[in-house]
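Notes for the one structure printed next.
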Amino acid sequence: MSGRTFGILSPFVGGDYYGAIVEGINTAAVAGGDRVMAMQTLDPGAHSADRSGLPDFRRPLAWDHLDGLVVLPGAIGADYAAAARRAGLPVVMVAQDAGDTGASVVLADNRSGVREAVAHLIENGHRRIAFAGYLTHFDLRERHEGYREGLLAHGITPDPELLFDTGDNHESGGVAVADTLIAAGMPATAIVLGTDRNAMGLIGRMIATGHDVPGDLAVVGFDDIADAAYLRPALSSVRQPLDRVGAAAYELLAGGTATLVQVPTVFQPRRSCGCPDAGLPVSEPHTRELFTQVQYLQSTLNIQYELGIALLGTQQADARTLAWLGLTPASAGCLGLWDDDLEKDHLRLVGEFRIGVGAPDAEVPVVRFPPAALFARADGAAGDIVFTVPIRSRTKDWGMLAAVSRIQSATPPGRETMNQSGALLASALDYQVMMAALREQEERLRTAALRDHLTGLPNRVLLEDRLAQAEGRAGREPGYRFAVLLLDLDGFKAVNDSLGHAAGDVLLIEVARRLTALLRRSDTVARLGGDEFVVLIDGLTHPDAYQRVCDAIQKAVAEPIAIDGRTVSVGVSIGVAVSGDGPADSDHLLREADAAMYRAKSAGRRR
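Heads up, the sequence shown is in my numbering, so the first residue is 528 and it goes up one at a time.
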């Protein structure tokens, strides 16, 4: 496709609100010969946009690919929008105040539908009408203004005691308002809530506490989500045409001259406000649609299960390869991790799925991520677009995941596959790092248990294991012999006393290095402690073969050693014990070698 590419910044890139707007923008873009990509700004796994606050999203992701940006509510701060405009990108804000950014704005006319709902309630005899919503959000404040305008148009002064803050846009906020109303003795006969989910929570609590809806309280929500018509009682609601909101945002980016577009909202009365139900359709097409929704739900649950097993199960492969994307509806994808050496303005492409993105670990600036090859795999007409999601956990900001996948507009916000994939991938990467650290720690502990901390040579424990192996082999193989050499440095104490313990340590390390260099890989050099070493010579070709080793050791150890500008020399006394034919007792051989070493040392003193 040779058309333009427009980016959509959203707290989540799917769901029955954000996903529906993304779908509307994409449909209009396809009709105009253009395409879109949707970028999640919240950390993956976030519970909700309301409770997470404004995301800390600052990087100019994909700016070199884009011809403009649509910003959905709660996606970014005003500074980001202003920076994008300074970079030459047109910006359209949806359902929020543009402030000083200079961006164009698309608003659902929240006031009109709420005014219509309030007028309907008044016409049905209600005068004590409350409002509840999460007024932190711009569009919720507009809905409240529509409520006030509706009351004032009928000569009713809004009562501040009938205004309630839900604290969120979910069922929990409605439950809290229901408890407040019940505790206050039901001061209202009707209520308008800022969202359908607030309304659903309130109705559920009212019914659970023995109250009648709409008999004790008429209820109106906002958004007209799919669940509203199936609620009992069916929920009256204000519908905002999100597809038209998305289309209006695209039209402004594509060359519209307006700076503000308002899309009217419409009131839909149902049983919860006292109106008779229109009745749910029971036609064959409707039944098929319901069956399709059930199938979609089952498919989504299966994907979530399989993703969890693939990324967090005990047998998971390296998550960076992105092979697990094959379990999702994604048709292609790539993973970029931040390059810490470049202050996180470049990503290293470490994984790909069904595309070629160049050499392994290729670097790409954040303004050019994701690679252009990914856009070529997107089919906007079929509902497949490019998505990106941050890969960030509580402990590390890993990078970005990009994928071509289907727009999901039937789930609650944040429950779409891209958000879940990002959260599971971040956890899998954390787990891999943790396991690598544990393996490294295990190896350090193993080394500490089996190696001398100063020289790195095998210690007494590991030596005993090697001796036991030689002893067992001698019992199994006729003619196999091994030798045990016990070494004690002559003159070591004098070095320690005159130059200090640090110099003595340097001497021991150098001796260990020289001994290791002399022997075969099958032989063992161990340090027992102090200036005592043991050499296990594996597989003697004839009984006196050890003598050449002893001569080489004495010559190597006697070579002068430079320590702190001074040259020191030491000798070595060696005691030898050789196994005989048949089974051998390694402990007995060690004692024999020890006795022989002391005889050699005594003879040296007499000389």
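Cβ atoms here follow ideal geometry from the backbone N, Cα and C, with glycine treated the same way.
Quick caveat: nothing in here was measured; it's all calculated off a predicted structure.
Sequence-distant residues of its chain with Cβ nearer than 7 Å to residue i (five each side left out)
i	result
Pro-495	Given a span of 528 to 1134 for the chain in the structure shown, any question on residue 495 remains unanswerable.
Ala-1120	Val-1011, Leu-1012, Leu-1013, Gly-1102, Val-1103, Ala-1104
Thr-982	Leu-1035, Ile-1036, Ala-1039, Arg-1054
Phe-539	Tyr-545, Gln-567, Leu-569, Ala-576, Pro-940, Gly-941, Glu-943, Asn-946
Between the CA atoms of residue j and residue i - distance to the nearest angstrom
i	j	result
His-574	Gly-941	7 Å
Leu-1117	Leu-1042	19 Å
Val-788	Gln-567	24 Å
Val-597	Gly-712	45 Å
Pro-1110	Gly-1002	4 Å
Glu-502	Val-1062	No information on residue 502 is available, as it lies outside the stretch 528 to 1134 that the chain covers here.
Lys-1128	His-1115	20 Å
Ala-976	Leu-984	11 Å
Pro-892	Ala-614	16 Å
Gly-701	Asn-725	4 Å
Gly-541	Gln-767	17 Å
Thr-855	Glu-833	9 Å
Ala-837	Trp-851	6 Å
Gln-935	Ile-918	20 Å
Gly-673	Arg-881	50 Å
Gly-626	Pro-791	22 Å
Proximity to residue i [Cα-Cα], best of the options
i	options	result
Leu-951	Gln-968, Ala-1083, Ser-920	Ser-920
Lys-923	Ala-899, Ala-929, Gln-959, Gln-935	Gln-959
Phe-533	Glu-698, Ile-734, Phe-914, Ala-644	Phe-914
Pro-617	Asp-606, Gly-629, Asp-624	Gly-629
Gly-530	Thr-1094, Arg-578, Gly-595, Tyr-674	Gly-595
Arg-978	Lys-871, Ala-755, Phe-1060, Gly-721	Phe-1060
Gly-1092	Leu-1045, Thr-938, Leu-1026, Val-1084	Leu-1026
Ala-857	Gly-840, Asp-1050, Phe-902	Phe-902
Asp-695	Thr-722, Glu-669, Val-1099, Asp-686	Thr-722
Leu-990	Ala-755, Ala-1029, Tyr-1007, Asp-1050	Asp-1050
C-beta atoms of residue i and residue j nearer than 8 Å
i	j	result
Ala-715	Ile-656	yes
Leu-634	Tyr-545	no
Ile-709	His-681	no
Gly-1066	Phe-1009	yes
Ala-1039	Val-1022	no
Leu-1016	Val-1076	no
Ala-781	Val-619	no
Ser-639	Thr-786	no
Ala-589	Ile-912	no
Ile-730	Ala-659	no
Ala-859	Arg-904	yes
Val-704	Gly-677	no
Glu-970	Ser-1113	no
Asp-543	Ala-753	yes
Chain-order list of residues whose beta-carbon lies under 6 Å from that of residue i (same chain, five-residue window excluded)
i	result
Gly-863	Leu-874, Leu-876, Phe-896, Gly-926, Met-927
Gly-907	Asn-553, Val-557, Arg-562
Ala-1130	none
His-592	Thr-532
His-697	Arg-724
Ala-605	Gly-626, Thr-628
Neighbourhood of residue i by C-beta, 8 Å cutoff - its chain only, sequence neighbours within 5 removed
i	result
Ala-1122	Gly-1102
Tyr-1073	Ala-1010, Leu-1012, Ile-1064, Leu-1067, Val-1103, Val-1105
Asp-666	Pro-600, Ala-622, Gln-623, Leu-634, Ala-635, Asn-637
Asp-866	His-873, Leu-874, Arg-875, Glu-890
Ala-774	Gly-551, Ile-552, Thr-554, Ala-555
Residue-chain proximity (residue i, chain C), Cβ-Cβ < 8 Å
i	result
Trp-851	This model lacks chain C altogether, as it is built from one protein chain only.
Quick one: complete alpha helix (DSSP H) runs, 4+ long, within the segment 860-890?
Counting only runs of 4+ residues, no alpha helix (DSSP H) is found wholly inside the segment 860-890.
Which whole runs of the beta strand (DSSP E) in the segment 602-652 are 3 residues long or more, in chain order?
618-621, 631-636
Where in the segment 701-758 do unbroken runs of the beta strand (DSSP E), each at least 3 residues long, occur, reported from the N-terminal end onward?
If we require 3 residues or more, the beta strand (DSSP E) runs fully inside the segment 701-758 come out as 717-720, 745-749.
Which full runs of the beta strand (DSSP E) of 3+ residues lie inside the segment 1060-1090, going along the chain?
1088-1090
Could you name each continuous beta strand (DSSP E) segment of 3 residues or more that falls completely within the segment 899-974, going from the start of the chain to the end?
911-919, 924-933
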